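Report on the structure given below.
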Ligand code: SF4
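Residue numbers (this note's numbering): 332 to 767.
Right under this line is the structure:
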């Protein structure tokens, strides 16, 4: 269930229907100002909405004053064990303080932080980790770790409410993906406050990204979670931000930068697609526009399933085709495909629409038709998928759902999907771009 309440961290709204916020944490020693600021600028550039910095010592608090002043995005102070550092972080101007009420020295210390945060208008993130549950929940943790995590979080929420402090978000974190999913689902049914999602110590860039995509993606698809952090074992915090964005983009929860789609390749592949896709992906990193680019390994299926893409290429032995919104633009020699693709993308961004040369487009269409006709009998993965979809549709037509099976409309977040293509735009239908 999506959170009902909204808080603001700096200028960033969290919860209550706001876009899911992306955050990360610096990996530098916070007191090392040049290194910390350099990392903060890089994560902001990569799309972080919020950044958290560890504040374990007084010298980190000193640095925090400057960090808050110079950071392009709101800064959250991460405090453990020492409540006086939380008080000092608020004085230093932190936009939010993250603490675990269970390890900060007791309710009276939490009360002092809450009082100061209220006076300063600073929100808090209160969180529990599977490794640090209060003693009285240890037995429950052994029997039912999910309930123990949720119980701990609910007890902290009740503590904050008793202290008249409601300007907070909550996090439950575990290294265990199924437990994280189950605990956050349960928590979202019990509280109205925004929820921060993360998988603790998820792992390396490869395994950690996958674990996070499964855990956080499952919850976000259910509408649970208002802000996310991907925890990866890398010193490059911007990598965490990129993964977070890929998860949000995949779920159509937020849009940022290009989307690359590529066929899985098969025995019909006629060029070095691995290299081409890697080059396109790298070059697309320079773009902020949400342009969707498709790469097809052969022209056997025509443009087919990639016809919704803003731009695409389909390769063949010696030459390939550039297309836009399902329509051929021009044929080019194989070696020039990538450069020609980016020429077309750049032109369209500069002009605000896709420029079509009627003669070149007709030549491309004829080339494509010839290849399609020559391979009309091929059972490609796409054609098999089409046949399966048609068969399923036929089956569905014969199926009358029971009265209790109502169609699900999806959560509120998913309704913020990419805008539909403008079918009436000319000369080639599709999204119009503006450079920012
Ligand atoms: S048949 Fe489909 S999967 Fe195989 S190379 Fe062609 S486009 Fe890619």
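All C-beta atoms in this analysis are idealised placements derived from N, C-alpha and C, irrespective of residue type, glycine included.
Remember, it's a predicted structure, so these values are computed and weren't measured experimentally.
(message) Can you give me the C-alpha to C-alpha distance between residue 492 and residue 443, rounded to a whole angstrom?
(response) Spanning the two alpha carbons is a distance of roughly 14 Å.
(message) Rounded to the nearest angstrom, what separates residue 410 and residue 384 at their Cα positions?
(response) 9 Å
(request) Reducing DSSP to helix, strand and coil, say where residue 467 ends up. (result) Helix, per DSSP.
(message) Using 8 Å as the cut-off, can you tell me whether the segment 525 to 534 makes contact with the segment 552 to 565, which would need three or more C-beta pairs spanning the two stretches below that distance?
(response) yes
(message) Beta-carbon distances below 6 Å to any heavy atom of the ligand SF4 define the shell here; list its residues in chain order, please.
(response) 594, 595, 596, 597, 599, 600, 627, 628, 629, 631, 632, 711, 712, 713
(message) Using only the alpha-carbon positions, how far apart do residue 622 and residue 578 sit?
(response) 17 Å
(message) Helix, strand or coil, according to DSSP, for residue 741 in the structure here?
(response) Reliability of the predicted coordinates at residue 741 is poor, the pLDDT of 34 falling under 50, and the value obtained from them is presented with this limitation in mind. In the structure shown, residue 741 sits in coil (DSSP, three-state: anything other than H, G, I, E or B).
(message) Please state the DSSP three-state secondary structure of residue 780.
(response) Outside the modelled stretch of the chain, which goes from 332 to 767, sits residue 780, for which no answer is possible.
(request) Mark residue 718 as exposed unless 16 or more other C-beta atoms lie within 10 angstroms of its C-beta, in which case mark it buried. (result) exposed
(message) Quick check: residue 455 and residue 412, are their CB atoms within less than 9 Å of each other?
(response) no
(request) Just list the beta strand (DSSP E) runs in the segment 485 to 569, keeping only unbroken ones of 3 residues or longer that don't cross its boundaries, in chain order. (result) Counting only runs of 3 or more, we get 499 to 504, 526 to 528, 558 to 560.
(request) Can you give me the start and stop residues for the alpha helix (DSSP H) that residue 682 sits inside? (result) Where residue 682 is concerned, the enclosing alpha helix (DSSP H) stretches over 668 to 682.
(request) Tell me whether residue 593 sits in a helix, a strand or coil according to DSSP, three-state version. (result) strand
(request) Go ahead and pull the three-state DSSP assignment for residue 648. (result) coil
(request) Leaving out five residues on either side along the sequence, give the residues of the same chain with a beta carbon under 8 Å from the beta carbon of residue 396. (result) 423, 424
(message) Can you give me the C-alpha to C-alpha distance between residue 459 and residue 605, rounded to a whole angstrom?
(response) 43 Å
(request) Within its chain, find whatever has a CB closer than 6 Å to the CB of residue 632; leave out the 5 residues flanking it on each side and keep chain order. (result) 711, 713
(request) Inspect the beta-carbon positions of residue 394 and residue 361 and report whether they are closer than 9 Å. (result) yes
(message) Is any non-hydrogen atom of the ligand MG found closer than 8 Å to the C-beta of residue 375, if you look at the structure I gave you?
(response) The ligand MG is not among the ligands present in this structure, which contains only the ligand SF4.
(request) Going by CA-CA distance only, name the one from 511, 574, 691, 565 that's closest to residue 541. (result) 574
(request) Measure how close the beta-carbons of residue 659 and residue 699 come, nearest whole angstrom, since I'm counting them as under 8 Å. (result) 6 Å
(request) Provide the residue span of the beta strand (DSSP E) that contains residue 355, from first to last. (result) 352 to 356
(request) Would you decide whether residue 630 is buried or exposed? Buried here means 16 or more other CB atoms lie within 10 Å of its CB. (result) buried
(request) State the Cα-Cα distance for the pair residue 611 and residue 354, rounded to the nearest angstrom. (result) Residue 611 and residue 354 have their C-alpha atoms some 27 Å from each other.
(request) Determine the closest residue to residue 399 out of 563, 347, 364, with distance taken between C-alpha atoms. (result) 364
(message) Quick check on DSSP: helix, strand or coil for residue 476?
(response) helix
(message) Using only the alpha-carbon positions, how far apart do residue 620 and residue 439 sit?
(response) Taking the straight line joining both Cα atoms gives about 50 Å.
(request) Provide the residue span of the alpha helix (DSSP H) that contains residue 400, from first to last. (result) 389 to 401
(message) Measuring alpha carbon to alpha carbon, tell me which residue in 506, 502, 511 is nearest residue 522.
(response) The shortest Cα separation from residue 522 among 506, 502, 511 belongs to 502.
(message) Can you tell me where the beta strand (DSSP E) holding residue 625 begins and where it ends?
(response) 623 to 627
(request) Kindly indicate which residue of 552, 516, 572, 551 has the alpha-carbon position closest to the one of residue 539. (result) 572
(message) I want to know whether the segment 333 to 345 touches the segment 371 to 379 - three or more CB-CB distances under 8 Å.
(response) Taking 8 Å as the limit for Cβ pairs, the verdict is that the segment 371 to 379 does not touch the segment 333 to 345.
(request) Give me the Cα-Cα distance between residue 485 and residue 475, rounded to the nearest whole angstrom. (result) 15 Å
(request) Check whether the Cβ atoms of residue 536 and residue 563 sit closer than 9 Å, and answer yes or no. (result) yes
(message) What does DSSP give as the partner residue(s) for residue 658 in the beta ladder?
(response) 655
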